[in-house]
Structure formats: C-alpha cells, structure tokens
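*Asks:* In terms of the numbering used here, the sequence shown has -4 at position 5, counting the first letter as 1, and numbering is strictly consecutive.
Idealized CB from N, CA, C, for every residue including glycine.
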Amino acid sequence: MQSEIGIELEQLVDRFVQKGHAAPDIIAAIQEELYRLTTSYQEDPDPSDDPKQLDEPANDWPGA
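1. For the alpha helix (DSSP H) holding proline 15, just list the boundary residues, first then last.
2. Would you kindly check if the distance between the Cβ of isoleucine 17 and the Cβ of alanine 4 is under 8 Å?
3. From proline 15 to glutamine 9, what does the alpha carbon distance come to, in whole angstroms?
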C-alpha cells in the first residue's frame, strides 16, 4: 500500500511541477493538507455516520 501511495504522491507533485510550481512548495502544501486530514480524522473518524439535518423550507411567503 505504501509504495502505491508514494507513486501517487510523486505523480501529484509532478503534475503541479508541470504547472510551474516549485516541488518544495508542493510538498509543503501536501504536508499541511495531510496534517489537516489527520486532525479531522482524529476528531471524527467516520463523518458519514453523522445524522443529516435537513433544513425545513421557510414558510414566510405572503399567503402561505
């Protein structure tokens, strides 16, 4: 699994290098995003199990 992730990350970095970004900047951005994802996962490992709250439509139209 880790080697596959490494290949994907290399391809991601290469894509942004081809767009003109510096590799160290790309890697730093990836690290920041991984930190954000790690923090989010620690706070809520499965956000899909959270109950969905549907907003009721406003019933404030004239004549409603």
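*Replies:* Checking against the coordinates, here is how it stands:
1. From DSSP, the alpha helix (DSSP H) with proline 15 extends over 14 to 34.
2. The question names alanine, yet the displayed sequence has valine at residue 4. Yes.
3. Each residue's alpha carbon lies about 14 Å from the other.
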